[in-house]
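Chains as they are written, first to last, in our numbering: chain A, 1 to 121; chain B, 1 to 215. Glycine included, each C-beta is placed from N, C-alpha and C at the ideal position. Bear in mind the structure is a predicted one, so any value in this text is a computation, not a measurement. Here the structure comes first, spelled out in structure tokens, and everything after it is commentary.
In structure tokens:
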């Protein structure tokens, strides 16, 4: 059946896990101003280094967010080509984002304090 | 301006995507395919004067088709495990094969695993000397299965002997006097169920009470 134990201690793996957890909230944050279509999100996430290594993974992520009711979609005509699927954040999505923001602040300062990179002192 | 081999390059990518989508729910597959097609069109529209290399770069950044499909299945599994019903057009519709990531959260997993072991060991002690002993053991098996901590083969190894011996034990015990039957069943429980439980604990402990990862 091809089972193996999960590698738990790879640094690259932990970065992937962290990015995964943060990515969906970054997507929600990008949608707070206005509805956006998939490639637009990819472009904006791509502008920030290290956020989106495999662009295509955004699409399964978006469809999960929709199933979880955090975003909703609508088709809109585009001036140059076929209609595009736009994603809009829902009230529930906004709530999830607010919660994440609060937790992230605490988490970030906790890690900064503990890891600290030996910058201070 | 179209790249010299644009058609072949894109068709090749989409063919690999289609191959990776085999067995994924039709709606989900169509959705991912449409997203990917739109992505390629949008990315191409941004180029002025595309070359074959530009197209290959777009596809490289997009990712391997099999990785995208795996991601979709994992995402579908994650939301299903979180109690969110799979939508009509999710990456993995109901009925498709379980996703590698379709495990309950760590806490639920452990709780279910411990409940399984408790039910399996403790309950038969309160219900000895009858075929009823099989009830808690089957309940334990179901709990153990839903916890996903153990592989199917491990569960078969741990539970087939107890269930078989409960059946045979009942047949033998029913031929004995009630007094002896109690000892017989208690002995059976301690000699067969306890080793089975110890085996399950050892297997799960080695994995840190987590579901085995599929790769």
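Open item on the list: Rounded to whole angstroms, what is the Cα-Cα separation between residue 37 (chain A) and residue 109 (chain B)?
Closed with: Translated into the one-based positions of the first chain, residue 37 (chain A) becomes position 37. Translated into the one-based positions of the second chain, residue 109 (chain B) becomes position 109. About 37 Å.
Task: Contact set between the region 24-48 of chain B and chain A, restricted to residues whose Cβ is under 7 Å from the partner - done: 31, 32, 35, 36, 38, 39, 41, 42, 43 and 45
Open item on the list: Only counting the same chain, and skipping five residues up and downstream in sequence, which positions put a Cβ closer than 7 Å to that of residue 29 (chain B)?
Closed with: Numbered from 1 along the second chain, position 29 holds the residue referred to as residue 29 (chain B). Cβ within range, chain order: 21.
Open item on the list: Tell me the rounded alpha-carbon separation between residue 35 (chain B) and residue 50 (chain A).
Closed with: To locate residue 35 (chain B), count along the second chain from 1; it is residue 35. To locate residue 50 (chain A), count along the first chain from 1; it is residue 50. Going by the C-alpha atoms only, they are around 22 Å apart.
Task: Contacts of residue 23 (chain A) in chain B (Cβ-Cβ under 7 Å) - done: Here residue 23 (chain A) refers to the residue found at position 23 of the first chain. Going along chain B, no residue has its Cβ under 7 Å from residue 23 (chain A), so there is no contact; the nearest lies around 11 Å.
Task: Neighbour list for residue 61 (chain B) in chain A, Cβ cutoff strictly below 7 Å - done: The residue you call residue 61 (chain B) lines up with position 61 of the second chain. What residue 61 (chain B) touches in chain A: 55.
Task: Proximity below 7 Å, CB of residue 57 (chain A) to CB of residue 71 (chain B) - done: Counting from one through the first chain, the residue named residue 57 (chain A) turns up at place 57. Counting from one through the second chain, the residue named residue 71 (chain B) turns up at place 71. Yes, the pair counts as a contact, with Cβ atoms nearer than the cut-off.
Open item on the list: Does the region 146-161 of chain B come into contact with the region 187-203 of chain B, if we say contact requires no fewer than three beta-carbon pairs (one atom in each stretch) closer than 8 Å?
Closed with: Contact between the region 146-161 of chain B and the region 187-203 of chain B is present, because at least three Cβ pairs lie under 8 Å.
TODO: Look up residue 43 (chain A) in the DSSP assignment and say whether it is helix, strand or coil.
DONE: Start at 1 with the first residue of the first chain, and residue 43 (chain A) comes out as number 43. Residue state, collapsed to three classes: helix.
Task: Contact with chain A by residue 68 (chain B), beta-carbon distance below 7 Å - done: Counting from 1 along the second chain, the entry for residue 68 (chain B) is found at position 68. Interface residue, yes.
Open item on the list: Distance check for residue 27 (chain B) and residue 85 (chain A), CA to CA, integer angstroms please.
Closed with: The sequence position of residue 85 (chain A) within the first chain is 85, counting from 1. The sequence position of residue 27 (chain B) within the second chain is 27, counting from 1. Their Cα atoms are separated by approximately 15 Å.
Open item on the list: Bridge partners for residue 74 (chain A) per DSSP, in chain order?
Closed with: Along the first chain, read from residue 1 onward, the residue named residue 74 (chain A) stands at position 74. In the DSSP output, where bridge partners are listed per residue, residue 74 (chain A) has A:86.
Open item on the list: Could you tell me the alpha carbon to alpha carbon distance between residue 15 (chain A) and residue 61 (chain B), rounded to whole angstroms?
Closed with: Counting from 1 along the first chain, the entry for residue 15 (chain A) is found at position 15. Counting from 1 along the second chain, the entry for residue 61 (chain B) is found at position 61. If I take the Cα positions, the gap works out to 18 Å.
Open item on the list: Between residue 60 (chain A) and chain B, is any beta-carbon pair separated by less than 7 Å?
Closed with: Against the first chain, residue 60 (chain A) aligns to sequence position 60. Answer yes: the Cβ-Cβ gap between residue 60 (chain A) and chain B drops below 7 Å somewhere.
Open item on the list: At the level of alpha carbons, what is the spacing between residue 38 (chain B) and residue 140 (chain B)?
Closed with: Working through the second chain from its first residue, we reach residue 38 (chain B) at position 38. Working through the second chain from its first residue, we reach residue 140 (chain B) at position 140. Each residue's Cα considered, the two are about 49 Å apart.
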